[in-house]
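Read top to bottom, the protein sequences are chains Y and V.
Going by our numbering, the first residue of the first sequence is number 1, and it counts up by one from there.
Going by our numbering, the first residue of the second sequence is number 1, and it counts up by one from there.
Beta carbons are placed, not taken as given, at the ideal position from N, Cα and C, and that holds for glycine.
What follows is a set of notes on a single structure, which appears directly below.
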Amino acid sequence: MMAGCASARVKRPRWAARSDGDRESSGGQPQGGRPQSSEPLWRALAVFRFASLGYAALLAGVLNSARYSRPGWAWAALAVMAAWTVITTVAYARPERRTPPLLSADLAVSVGLLLSTYALQYPSAMRAGVMPVTATWMAGSVLAWAIRYGSGAGAVAALILGGCDLWMYHRAVPVVLNGLVLLLLAGVIVGHLARLAAEVEAERQHAVQVEAASRERERLARDIHDSVLQVLALVQRRGAEAGGEAAEFGQMAGQLEASLRTLVGPGVGGGLSAAEPAPTSSKSADLRALLLPAQSERVTVAVPAQAVLLERGAAEELAAAVRAALDNVRRHCGGRAQAWVLVEDEPGQVTVTIRDNGPGIPGGRLAEAAASGRLGVSHSICGRLRDLGGSAVIRSVPGEGTEVELRLPRRTTVPVVAS
Amino acid sequence: MAQGEPIRVMVVDDHPMWRDAVARDLTEAGYEVVATPADGAQALRVAGSARPDVVVLDLQLPDMSGVEVTQGLRAAHPGAHVLVLSASGEQQDVLDAVKAGATGYLLKSAVREEFLDAVRRTADGDAVFTPGLAALVLGEFRRLATAPAGDGAETPKLTERETEILRMVATGMSYKQIATRLVLSHRTVQNHVQNTLNRLQLHNRVELVRYAIEHGLADTDPPGTMRDGPK
């Protein structure tokens, strides 16, 4: 099924093949070919019919039996109702059988049974507004039309039945109007519900297809991406071996490879496994996504496999501090020094370590610089971390490079973010 | 691997040019390239007759993931050490491959000397770590420490020393530099890193078996036949 969805040639979901949607009847059916979405409604209708059948039997057979001039025939009518309920419930169980002919037959039977009351009840009973023999059962066909063809069809069916009702009980109009209004309401609301369910189902299906297609695209992109990277790596190798001008090309290829590799990496929508997508909201950010772009030939960024989530402001400040540290490396160690950035995520704090293999800072120079007001390192790194409620430690051994360790506790208090 | 015999290497990669380049480099350096399968299934089939000491394995294969191939190889041919290569850097699949039993990892764009060095170390069974991989492993131990513990299962923990060493590897220090800084021997540093990896791999194997039992998969099949590790 995944392949089918992914190829986006398939416009309809696989189970739409046998649905009513294949028959586009004239008269705009609001419910498309998605019978599955209305299944619960059909089941509810079946329950309603049986319940109303019981109620009608109770009314006609017991409570109002005195109002019937032909009680025997009334029972016959009830028997027809029962049989018809069973027939329709079985028929409606399969989506392809919910056809206009069947629905019309349902309506016709309901009308017929309703009108039979004329022959079954005493005129005085009808004047008094006693419930017809079908009681609430006749709403079943209105609901069936509504579920199948929407509010419009439901309203029409309600009007037809209500009209017959009105014709029969024209002496007891208030009571009948009640019934008509209720029927209309039921038809319209249920029709609306059915269409809503169908729309939601369609949207969900669409979303599933889109996601499958995009996942397929992502996989393809990763494949292509990897192929390009490999070729560049090869060119670099061959160039290095051949020497001369080829070596220059090789170097360029190497640089391209390094930057392309970081372009589609974790946190930038690329290669993370689907199990760990970085859930960023407007409040939080994945620190990895902010730091990985700093990768280059000279800078290696090492991160854990899961997202490192921090408040957006804090994450950006921390990333700025890291960038400042990397700038320092470039400025004080020249273009040849290499730097490594390590991101560690512990439950209580986030630690970022920046190490370089430059000449290191002679002892005392740092304190000297801070004291004399050349605040470079002091402000852009230490100051930032202090403002965030964290700490920055700079260690350096001349000849062995410098290490900057930034710690940021996961706080419960709001940080004072320097604006 | 008898003394004096060249080390047998199998190169698994679906990119023909790349495969040939690597095979050529290895042959020139004195290794014996015994097979060059182009996909995972072929690799598992051929490994039996080729009996490699080292398997250089691309993680992106057309039919199976490199992780599955690693599992299969470790199950069926425990004598072969796996060096996984990836073009796009250290991501979840690299971590999974290492957990599944790979001895080391290298980026495809590593220079020839680095690559040959890695193959030699893999043949000796020494772990080959990049800074990125060290960070992934650190993160994995931390994740295991905070994840809800399985019934009775011991979550593997890092000692202080091991954490320290892994952090140094992750910030680009060589074993020699680490040894100097911590006043240890080179071999000791190597052992620490190796132990870390072994514990992670053991934990993964235990998890796989438990997963199989829980889900009623046949417990007579070797772990390599399963498609997924525990999530």
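Between the CA atoms of residue j and residue i - distance to the nearest angstrom
i: Met131 (chain Y); j: Tyr118 (chain Y); result: 11 Å
i: Glu24 (chain Y); j: Ala198 (chain Y); result: Caution applies to Glu24 (chain Y), whose pLDDT of 38 falls short of 50 and renders its modelled position unreliable; the model cannot decide the point.
i: Ala60 (chain Y); j: Ala155 (chain Y); result: 27 Å
i: Ala158 (chain Y); j: Ala125 (chain Y); result: 23 Å
i: Ser141 (chain Y); j: Ser110 (chain Y); result: 7 Å
i: Asn191 (chain V); j: Glu201 (chain Y); result: 58 Å
i: His170 (chain Y); j: Met138 (chain Y); result: 19 Å
i: Asp93 (chain V); j: Ser65 (chain V); result: 9 Å
i: Asn195 (chain V); j: Ala127 (chain V); result: 9 Å
i: Val80 (chain Y); j: Ala212 (chain V); result: 59 Å
i: Phe115 (chain V); j: Leu106 (chain V); result: 7 Å
i: Val341 (chain Y); j: Ser259 (chain Y); result: 16 Å
i: Val193 (chain V); j: Thr163 (chain V); result: 9 Å
i: Pro174 (chain Y); j: Trp167 (chain Y); result: 13 Å
i: Ala66 (chain Y); j: Val86 (chain Y); result: 28 Å
i: Leu41 (chain Y); j: Ser151 (chain Y); result: 14 Å
i: Ala242 (chain Y); j: Leu217 (chain V); result: 54 Å
i: Ala213 (chain Y); j: Leu220 (chain Y); result: 11 Å
Residue from the options with nearest C-alpha to residue i
i: Glu28 (chain V); options: V:Val9, V:Asp58, V:Val94; result: V:Val9
i: Asn357 (chain Y); options: Y:Val208, Y:Glu346, Y:Glu311, Y:Val299; result: Y:Val299
i: Ala324 (chain Y); options: Y:Gly383, Y:Arg336, Y:Glu346, Y:Gly360; result: Y:Gly383
i: Glu346 (chain Y); options: Y:Ser104, Y:His379, Y:Leu180, Y:Ala305; result: Y:Ala305
i: Pro118 (chain V); options: V:Trp18, V:Tyr31, V:Thr146; result: Residue identity differs from the one stated: residue 118 (chain V) is Ala in this sequence, not Pro. Considering only alpha carbons, the answer is V:Tyr31.
i: Ala339 (chain Y); options: Y:Glu297, Y:Val350, Y:Gln236, Y:Ala74; result: Y:Glu297
i: Gly72 (chain V); options: V:Gln91, V:Glu90, V:Gln42; result: V:Gln42
i: Thr136 (chain Y); options: Y:Trp167, Y:Leu180, Y:Val173; result: Y:Leu180
i: Trp84 (chain Y); options: Y:Ser52, Y:Val301, Y:Leu58, Y:Pro95; result: Y:Ser52
i: Ala102 (chain V); options: V:Gln91, V:Gly125, V:Gly40; result: V:Gly125
i: Arg143 (chain V); options: Y:Ala194, Y:Gly390, Y:Gly348; result: Y:Gly348
i: Val303 (chain Y); options: V:Val209, V:Val55, V:Glu154, V:Ala135; result: V:Ala135
Three-state secondary structure assigned by DSSP to residue i
i: Gly104 (chain V); result: strand
i: Ala46 (chain Y); result: helix
i: Ile394 (chain Y); result: strand
i: Met126 (chain Y); result: helix
i: Ile224 (chain Y); result: helix
i: Met81 (chain Y); result: helix
i: Gln121 (chain Y); result: strand
i: Thr70 (chain V); result: helix
i: His192 (chain V); result: helix
i: Gly271 (chain Y); result: At Gly271 (chain Y), the pLDDT of 41 sits below 50, so the modelled position is not reliable and the matter cannot be decided from this model.
i: Met168 (chain Y); result: helix
i: Trp137 (chain Y); result: coil
i: Ala302 (chain Y); result: strand
i: Glu24 (chain Y); result: Since pLDDT at Glu24 (chain Y) reaches only 38, below the 50 mark, its modelled position is unreliable, and the value read off the structure follows with that caveat. Coil at Glu24 (chain Y), not helix or strand.
i: Arg355 (chain Y); result: strand
i: Arg407 (chain Y); result: strand
i: Ala285 (chain Y); result: strand
i: Met10 (chain V); result: strand
i: Gln251 (chain Y); result: helix
i: Ser109 (chain V); result: coil
Residue i and residue j closer than 9 Å at C-beta
i: Val82 (chain V); j: Thr122 (chain V); result: yes
i: Val352 (chain Y); j: Leu388 (chain Y); result: no
i: Asp286 (chain Y); j: Val308 (chain Y); result: yes
i: Ser88 (chain V); j: Asp58 (chain V); result: no
i: Thr36 (chain V); j: Asp20 (chain V); result: yes
i: Leu143 (chain Y); j: Val190 (chain Y); result: yes
i: Tyr122 (chain Y); j: Ser37 (chain Y); result: no
i: Leu138 (chain V); j: Glu344 (chain Y); result: yes
i: Arg23 (chain V); j: Val33 (chain V); result: It should be noted that the sequence gives Ala, not Arg, for residue 23 (chain V). Going by C-beta atoms, Ala23 (chain V) is nearer than 9 Å to Val33 (chain V).
i: Ala145 (chain V); j: Lys157 (chain V); result: yes
i: Met133 (chain V); j: Arg161 (chain V); result: A quick correction: the sequence has Leu, not Met, at residue 133 (chain V). Going by C-beta atoms, Leu133 (chain V) is not nearer than 9 Å to Arg161 (chain V).
i: Ala80 (chain V); j: Pro62 (chain V); result: no
i: Cys164 (chain Y); j: Leu120 (chain Y); result: no
Spatial neighbours of residue i in its chain, beta-carbon cut-off 6 Å, leaving aside the 5 residues before and after
i: Ala46 (chain Y); result: Thr89
i: Leu232 (chain Y); result: Ala253, Leu256, Glu257
i: Asp233 (chain V); result: Chain V is shown from 1 up to 231; residue 233 (chain V) falls before or after that span and cannot be answered.
i: Lys108 (chain V); result: Leu85, Ala87
i: Val393 (chain Y); result: Glu405
Cross-chain neighbours of residue i in chain A, by beta carbon under 8 Å
i: Gly254 (chain Y); result: Absent from the structure is chain A; the protein chains it does hold are Y and V.
Neighbourhood of residue i by C-beta distance below 7 Å, restricted to the same chain and skipping five residues each side
i: Ala91 (chain Y); result: Arg97, Leu102
i: Ser284 (chain Y); result: Leu309, Leu310, Glu311, Arg312
i: Ser116 (chain Y); result: Ala77, Val133
i: Gly27 (chain Y); result: With a pLDDT of 39 at Gly27 (chain Y), under the threshold of 50, the modelled position of that residue is not reliable, and the figure given next carries that caveat. Within the same chain, Gly27 (chain Y) has no close Cβ partners at all.
Close Cβ partners of residue i (< 8 Å) along its chain, the five nearest in sequence each way excluded
i: Ala186 (chain Y); result: Ala139, Val142, Leu143, Ala146, Gly154, Ala158
Residue i Cβ short of 8 Å to the ligand MN heavy atom set
i: Arg143 (chain V); result: No copy of the ligand MN appears in this structure; indeed no ligand is present at all.
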